[in-house]
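Sequential numbering from 11 applies to the sequence shown in the working numbering.
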Amino acid sequence: MPEKMKPLLGIAKAFPNAETKKVVKELVQFTDTIPSQDLDDLEIRLAADYARLFLSISKVPPHPSESIYREGTMMQYSRDEVLRTYWSFGVDKKKEFTEPEDHIAVELNFLMHLCEKATEALKNGNAKEARRYIQGQKDFLERHLVKWVPKLVKDILKTGKTPFYKAIAVLTKEYLEMDLSVTKDLLEQLMG
């Protein structure tokens, strides 16, 4: 097993969920074969799986945007709600990123922004400002990501051909659930 992949085994142990353990084990087994594989072939396999999953190459691709999973069509109410939340924190999507505002990458980037701002506020001794950002994280997770990402993950598990995207999907879902729990705990501590 490549040295860089060993932490994945620790991740698998950290999450009691059988689904997580299974996909991480499959990913580790997959990476064990990398040294013996032609890297060009591996790149082609991963690119093909990405295309099948996210670029409408398969009959029912999982599109990683919230409005698809919540309303069935792109650029609907969920996207508008996400935009309003971004704006309430003074955030706008980077112009060079061409995906919709409710794309999972944009939503995860927004969570990262809130986390960074909360950390900065805590370092500066501003508990009130930190609470605002942590509350924003909690609300965004509850109202958005934890409502639709599990459905996306199911679709990726059904449609994906390589363990790579399956593992990333499951780990993302598990992370979001853990992050929600942590933000709730942090808010309790900051309120007390």
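For each residue, glycine too, the CB sits at the ideal point set by N, CA and C. All values reported here derive from a predicted model rather than from experimental measurement.
message: At the level of alpha carbons, what is the spacing between T1 and P74?
response: In this structure the chain extends from 11 to 202, so residue 1 is not present and cannot be described.
message: Among the candidates E53, F150, V159 and V38, whose CA atom is the shortest distance from the CA of S98?
response: For this step, residue 98 is matched to residue 88 along the sequence shown. Residue F150 is the option with its Cα nearest to S98.
field: Whether A128 touches I114 by CB criterion (9 Å)
entry: If you number the sequence shown from 1, residue 128 lands on position 118. If you number the sequence shown from 1, residue 114 lands on position 104. Not closer than 9 Å, so no.
- prompt: Hey, how far is the Cα of L63 from the Cα of I178?
  reply: Stepping through the sequence shown from its first residue, residue 63 is reached at position 53. Stepping through the sequence shown from its first residue, residue 178 is reached at position 168. Taking the straight line from one Cα to the other gives about 13 Å.
- prompt: Nearest to D51 by CA position, among D189, T172 and L186, is which residue?
  reply: Within the sequence shown, the letter at position 41 stands for residue 51. It is T172 whose Cα lies nearest to the Cα of D51.
query: For A58, is the classification buried or exposed, using 16 other Cβ atoms within 10 angstroms of its Cβ as the cut-off for buried?
result: As a first step, residue 58 must be located in the sequence shown, where it is residue number 48. The residue is exposed, with fewer than 16 neighbouring Cβ atoms inside 10 Å.
field: Proximity below 9 Å, CB of V156 to CB of E117
entry: Translated into positions along the sequence shown, residue 156 becomes position 146. Translated into positions along the sequence shown, residue 117 becomes position 107. Their beta carbons are not under 9 Å apart, which means V156 does not touch E117 by this criterion.
task: Assign R89 to one of two classes, buried (16 or more other C-beta atoms within 10 Å of its C-beta) or exposed (fewer than that).
output: On the sequence shown, residue 89 is found 79 positions in, with the first residue counted as 1. R89 should be labelled buried.
message: Would you call the stretch 178-194 in contact with the stretch 154-168, where contact means no fewer than 3 C-beta pairs closer than 8 Å?
response: yes
Buried/exposed call for F107, threshold 16 Cβ in 10 Å: Residue mapping note: residue 107 aligns to position 97 of the sequence shown, counting from 1. Under this definition F107 is an exposed residue.
query: Any heavy atom of the ligand FAD within a distance shorter than 8 Å of the CB on A128?
result: For the structure depicted, the ligand FAD is absent and the ligand set is empty, with no information on it obtainable.
query: On the premise that L65 lies in contact with P174, defined as a C-beta separation below 8 Å, what is that separation, rounded to the nearest angstrom?
result: Here residue 174 is taken as the residue at index 164 of the sequence shown, counted from 1. Here residue 65 is taken as the residue at index 55 of the sequence shown, counted from 1. Residue 174 is actually Phe in this sequence, not Pro. The Cβ separation is near 16 Å, so there is no contact.
message: Can you tell me whether T193 is buried or exposed? The criterion is at least 16 other CB atoms within 10 Å of its CB, across all chains shown.
response: Counting from 1 along the sequence shown, the entry for residue 193 is found at position 183. Classification of T193: buried, given that the 10 Å Cβ count is 16 or more.
- prompt: In whole angstroms, what separates the C-alpha of L186 from that of L49?
  reply: Taking the sequence shown and counting its residues from 1, one reaches residue 186 at position 176. Taking the sequence shown and counting its residues from 1, one reaches residue 49 at position 39. Looking at the two C-alpha atoms, the distance is approximately 32 Å.
- request: For H73, name the three-state secondary structure that DSSP assigns.
  value: Taking the sequence shown and counting its residues from 1, one reaches residue 73 at position 63. Looking at H73 - three-state DSSP - the assignment turns out to be coil, as it is neither helix nor strand.
Proximity to L200 [Cα-Cα], best of V34, A131 and Y60: Mapped onto the sequence shown, residue 200 falls at position 190. Considering only alpha carbons, the answer is A131.
field: Alpha carbon of V163 to alpha carbon of E81, nearest angstrom
entry: Residue 163 sits at position 153 when you count from the first residue of the sequence shown. Residue 81 sits at position 71 when you count from the first residue of the sequence shown. Rounded to whole angstroms, V163 to E81 spans 17 Å at the Cα level.
query: What number of angstroms, rounded off, separates the C-alpha of G146 from the C-alpha of Y96?
result: In the sequence shown, residue 146 corresponds to position 136, counting from 1. In the sequence shown, residue 96 corresponds to position 86, counting from 1. Cα-Cα distance, rounded: 10 Å.
- prompt: Mind checking whether H154 and D112 have CB atoms under 9 Å apart?
  reply: Within the sequence shown, the letter at position 144 stands for residue 154. Within the sequence shown, the letter at position 102 stands for residue 112. Yes, Cβ-Cβ distance for H154 and D112 is below 9 Å.
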